[in-house]
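S.K.: Please find one structure pasted underneath; my questions will follow.
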Amino acid sequence: MRKIRISAVLLALGMLLPLSGKTVRASSFGFDPEDGTQALQKALDSGADKVIVDNPGKDWIVRPLFLRSDQEIIFEKGVTIRAKKGAFKGRTDCLFQGQNVSNIKLRGEGDVLFVMNKRDYDNPALYRHAQWRHTIGLIGAENITISGLHLKSSGGDGIYIGASKERHLSKNITVENVVCEDHYRQGMSVICVRGLAIRNSKFIKTAGTAPQCGIDFEPNRMGQGFFDVLIENCEFSANKRAGIMFCLDLQKEPVSITVKNSLFKDNTTGFIVHSRNSGGELVLENCRVENNGRAACEIDGHSEKGLTIRLKNVTFDGRRAKDAAPIELIGGEADMGGIFFDNVKVLSSGNSVINFIGMTGYGLTGISGTVFRGREPGKLQKFDLARFVAARKPDPSLRMTDPPRTVDVKKLRPLSGKTVPAGTDYRLRNRFSFIQAVPSAGEWPVRFRGTRLGKRPYELKCTVYDANGAVWDQFSVKEPDFSYKLKVRDAGGGAFRFAVATFGHAVSLTPAGGAQAVLTQDFVNLFCGKPRWYFVVPADAEYAAVMAKATASEPADVQLLDASGKAVKTVKKIKGPVYIRVPRKKTPKDEIWSISFPWVQEDYAFRICPPSLPLAAPAPENLLTEKQEMK
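Sequential numbering from -14 applies to the sequence shown in this note's numbering.
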């Protein structure tokens, strides 16, 4: 009897020990058609080398699941893993998540579908807004293979590859014969990886929240990056923004990415490259980019001293594009170069082949190769690329070289004794600072009228600093129309700096009984409207200068107006940063000039440049200055 009891105990213990070297079937842990989470997670937790997710004839309805290391997971033909309705309330809940895991294979044997409830997650009545409810989330993962799966309708990305605290990048990831369809943010997001191969896969119909690309290579912080990446025989189609977007600005070590034998079609933009600071090499070879709504290729902020971009045997079909050349080069405060064309074909319904939009005074250098152009594939002629580049050479004499003037809040005083409401035809967006002056002690209301943009609930946070730079107050706002009472004890009043964060939303301001001006040392971001911003030009200034910025997908018209209100410089449809400098004669007193935006698509930005103080207001009466009041 004792021997029987001991045997029973040992048998029970054996059932609890990891099944290393064994194969288990998920349904053997008790399939439940209403919620199969427990059975499937038990199978994953069993320690078996191989887990077979069998087809019980019904969907596996599950809550979030967690991957384990050293395991092959095989999904039998016809298996559907379906996210349970009403679950995934956590903003980072994934269908499958693997953190600090290694040596995993996720393999489908045919017609295997992982599907989530994207439209539910986008409903604020049902879910708190988020963009991280991924189908497969890999965080600090190594030696992972994903193959033979159709990933559909997540509340984030089809596949997410990122870092953990313990592992600063993921390594050796393979994605083969995978379809990522109808995801909310990206078909696939890659934050940092060393060794990534993507083959024979499709990234299609991404739409929901920005960036909305087939794949987005974009680090979260400085130092993360992409090494030994190969993409081949893939399709990127019908994505709301781009087939692939490479955001490489934060990468310190050399980039190593190759895209081969792939098709980009029916996206807004074929592919986008942001590479202001990165080095290394990005290669596109034997690819076709066609039928996109805007540019086939957009290279933004690329420096001649940075990344090398090689385009070999690539066809850009831009015959459908609106207001864009098939290849758009958008420069910043650097000359663009390091781009090499090898037997590149460009199909265009217009005369444009390449369009360069650069900061004033900066140009093209180090761009070479062979480009053919025409309207029909069989009737192409050689494009004179050398002539195109030579006509856009740098001119350093036109560049802005003066550093922004510093603003000493203690020295500021109202330009006039008047203060007027500035209206709501302007909306400030993202992060900005403004100076609020008040004439005396008391409670002075500053009104914030917000506009919610995007899916995230409206929110605004602000830190108030006194004239000496010490923190005066802090507050947070969730109501779009809010008045903050600035409580001032000094009988002489004072000036205060408000540092505002809008989290992607927009806001307009009403002054609190005193002058109010926005600081513009950095670009001030605006949303829609047709505002006119006033600023002071010193009497002894030899010129007035401003900068304006828009994007290729959201261009804008900009004007610089003199003290009489006459437009002395107009630039139509800017698609990048421009520096506008207009000579003037010295005058007996300071003048008020202005910058206006007669037409905008949506988002744009401006700066007030030296010799003016970087202060601007949407009404001239509200300006501040370091000098005496103008007569």
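Ideal placement from N, C-alpha and C gives every residue a C-beta, glycine not left out.
Given a cut-off of 7 Å, decide if residue 158 and residue 181 are closer than it, judged by their beta-carbon atoms.
M.R.: Residue 181 sits at position 196 when you count from the first residue of the sequence shown. Residue 158 sits at position 173 when you count from the first residue of the sequence shown. Closer than 7 Å, so yes.
S.K.: So, with DSSP's three-state summary, where would you put residue 452?
M.R.: The residue you call residue 452 lines up with position 467 of the sequence shown. Reduced to three states, the DSSP call for residue 452 is coil.
S.K.: Just reading off the beta strand (DSSP E) that residue 558 is part of, what are its end residues?
M.R.: Walking along the sequence shown from the start, residue 558 turns up at place 573. Per DSSP, residue 558 belongs to the beta strand (DSSP E) from 552 to 559.
S.K.: Could you give the C-beta distance for residue 46 and residue 20, rounded to a whole number, given that I count them as a contact under 8 Å?
M.R.: For the purposes of this step, residue 46 is taken as the residue at position 61 of the sequence shown. For the purposes of this step, residue 20 is taken as the residue at position 35 of the sequence shown. Between residue 46 and residue 20, the beta carbon gap of about 6 Å places them in contact (Cβ cut-off 8 Å).
S.K.: Name the DSSP beta bridge partners of residue 211, please?
M.R.: Indexing the sequence shown from 1 puts residue 211 at position 226. Residue 211 pairs with 178.
S.K.: Kindly identify the DSSP beta-bridge partner or partners of residue 354.
M.R.: Position 369 of the sequence shown holds residue 354. Its beta-bridge partners are 326.
S.K.: So residue 307 is in the alpha helix (DSSP H); what residue range does that whole segment cover?
M.R.: Taking the first residue of the sequence shown as position 1, residue 307 is located at position 322. Where residue 307 is concerned, there is no enclosing alpha helix (DSSP H), given that its DSSP letter is neither H nor E.
S.K.: I'd like to check one pair, residue 142 with residue 168: are the Cβ atoms closer than 7 Å?
M.R.: By 1-based counting over the sequence shown, the position of residue 168 is 183. By 1-based counting over the sequence shown, the position of residue 142 is 157. Yes. Within cutoff.
S.K.: Identify the residues that DSSP records as bridge partners of residue 293: which are they?
M.R.: Translated into positions along the sequence shown, residue 293 becomes position 308. Beta-bridge pairing links residue 293 to 266.
S.K.: Can the beta-carbon of residue 377 be found less than 7 Å from the beta-carbon of residue 341?
M.R.: Numbered from 1 along the sequence shown, position 392 holds the residue referred to as residue 377. Numbered from 1 along the sequence shown, position 356 holds the residue referred to as residue 341. For residue 377 and residue 341, yes; Cβs fall inside 7 Å.
S.K.: Taking the DSSP output, what are the residues bridged to residue 567?
M.R.: To locate residue 567, count along the sequence shown from 1; it is residue 582. In DSSP, residue 567 forms a bridge with 529.
S.K.: Is the beta carbon of residue 437 closer than 7 Å to that of residue 443?
M.R.: Position 458 of the sequence shown, counting from 1, holds the residue named residue 443. Position 452 of the sequence shown, counting from 1, holds the residue named residue 437. Closer than 7 Å, so yes.
S.K.: Run through DSSP, which three-state label would residue 617 get?
M.R.: The chain is shown only over -14 to 616; residue 617 falls outside these bounds and no answer can be derived.
S.K.: Helix, strand or coil: how does DSSP classify residue 320 here?
M.R.: Within the sequence shown, the letter at position 335 stands for residue 320. Three-state DSSP puts residue 320 in coil, outside helix and strand.
S.K.: Between 211, 498, 112, 183, which lies nearest to residue 132 when the distance is taken from Cα to Cα?
M.R.: The residue labelled residue 132 in the question sits at position 147 within the sequence shown. The shortest C-alpha separation from residue 132 is found at 183.
S.K.: Do you know whose CA, among 87, 120, 108, 110, lies nearest residue 77's CA?
M.R.: Here the question's residue 77 lines up with position 92 in the sequence shown. Comparing Cα positions, the closest option is 120.
S.K.: What span of residues does the beta strand (DSSP E) with residue 26 cover, start to end?
M.R.: Working through the sequence shown from its first residue, we reach residue 26 at position 41. No beta strand (DSSP E) holds residue 26; the alpha helix (DSSP H) holding it covers 22 to 30.
S.K.: Let me know if residue 82 comes out buried or exposed under the rule of 16 or more other beta-carbons within 10 Å of its beta-carbon.
M.R.: Here residue 82 is taken as the residue at index 97 of the sequence shown, counted from 1. Its Cβ being crowded by 16 or more others within 10 Å, residue 82 is buried.
S.K.: By DSSP's criteria, residue 232 is part of a beta bridge. Which residues make up the other side?
M.R.: Here residue 232 refers to the residue found at position 247 when the sequence shown is read from its first residue. DSSP, once it has assigned bridges, lists 259 as partnering residue 232.
S.K.: Taking the C-alpha atoms as reference points, what is the distance between residue 25 and residue 33?
M.R.: Here residue 25 refers to the residue found at position 40 of the sequence shown. Here residue 33 refers to the residue found at position 48 of the sequence shown. Approximately 13 Å, taken between the alpha carbons.
S.K.: Write down the C-beta distance between residue 292 and residue 267 rounded to the nearest angstrom, noting that I regard them as a contact closer than 8 Å.
M.R.: For this step, residue 292 is matched to residue 307 along the sequence shown. For this step, residue 267 is matched to residue 282 along the sequence shown. Confirmed, Cβ separation roughly 6 Å.
S.K.: With distance defined between alpha-carbon atoms, name the residue in 111, 118, 128, 94 nearest to residue 85.
M.R.: As a position in the sequence shown, residue 85 is number 100, starting the count at 1. The candidate whose alpha carbon is nearest that of residue 85 is 128.
S.K.: To which residues of the same chain is residue 65 closer than 6 Å at the C-beta, ignoring the five residues directly before and after it?
M.R.: Working through the sequence shown from its first residue, we reach residue 65 at position 80. Around residue 65: 44, 98.
S.K.: Would you mind working out which of 472, 474, 452, 448 sits nearest residue 462, comparing C-alpha positions?
M.R.: Sequence index remark: in the sequence shown, residue 462 carries index 477 (1-based). Taking only the C-alpha atoms, the option nearest residue 462 is 448.
S.K.: With DSSP run on the structure shown, which of helix, strand or coil describes residue 382?
M.R.: Position 397 of the sequence shown, counting from 1, holds the residue named residue 382. Three-state DSSP puts residue 382 in a helix.
S.K.: Return the bridge partner residues of residue 285 from the DSSP annotation.
M.R.: Numbered from 1 along the sequence shown, position 300 holds the residue referred to as residue 285. Answer is 259, 315, bridged to residue 285.
S.K.: Taking the CB atoms as reference points, tell me whether residue 560 and residue 540 lie closer together than 7 Å.
M.R.: The residue given as residue 560 occupies position 575 in the sequence shown. The residue given as residue 540 occupies position 555 in the sequence shown. Yes, Cβ-Cβ distance for residue 560 and residue 540 is below 7 Å.
S.K.: Going by CA-CA distance only, name the one from 430, 345, 602 that's closest to residue 509.
M.R.: Residue numbering aside, residue 509 sits at position 524 when the sequence shown is read from its first letter. Among 430, 345, 602, the Cα nearest to that of residue 509 is on 602.
S.K.: Which of the three DSSP states is assigned to residue 337 in this structure?
M.R.: Counting from one through the sequence shown, the residue named residue 337 turns up at place 352. If DSSP states are grouped into helix, strand and coil, residue 337 belongs with coil.
S.K.: Using 7 Å as the threshold, is the C-beta distance between residue 356 and residue 326 below it?
M.R.: Mapped onto the sequence shown, residue 356 falls at position 371. Mapped onto the sequence shown, residue 326 falls at position 341. Their beta carbons are under 7 Å apart, which means residue 356 touches residue 326 by this criterion.
S.K.: Please list the terminal residues of the continuous beta strand (DSSP E) segment that includes residue 371.
M.R.: In the sequence shown, residue 371 corresponds to position 386, counting from 1. It is not in any beta strand (DSSP E) - residue 371 instead sits in the alpha helix (DSSP H) that spans 370 to 375.
S.K.: Measuring alpha carbon to alpha carbon, tell me which residue in 414, 502, 156, 570 is nearest residue 513.
M.R.: Position 528 of the sequence shown, counting from 1, holds the residue named residue 513. The shortest C-alpha separation from residue 513 is found at 414.
S.K.: Note the first and the last residue of the continuous beta strand (DSSP E) segment covering residue 592.
M.R.: Against the sequence shown, residue 592 aligns to sequence position 607. Residue 592 -> beta strand (DSSP E) spans 588 to 593.
S.K.: Hey, out of 589, 420, 117, whose CA is closest to residue 598's CA?
M.R.: Locating residue 598 in the sequence shown gives position 613, where the first residue counts as 1. Comparing Cα positions, the closest option is 420.
S.K.: Under the criterion of a Cβ to heavy atom distance below 6 Å, does residue 334 qualify as lining the ligand GTP?
M.R.: Ligands are entirely absent from the displayed structure, and the ligand GTP is therefore not among its contents.
S.K.: Could you say which of 362, 337, 535, 382 lies nearest to residue 369 if we only look at CA atoms?
M.R.: Here the question's residue 369 lines up with position 384 in the sequence shown. When each option's Cα is compared against that of residue 369, the closest is 337.
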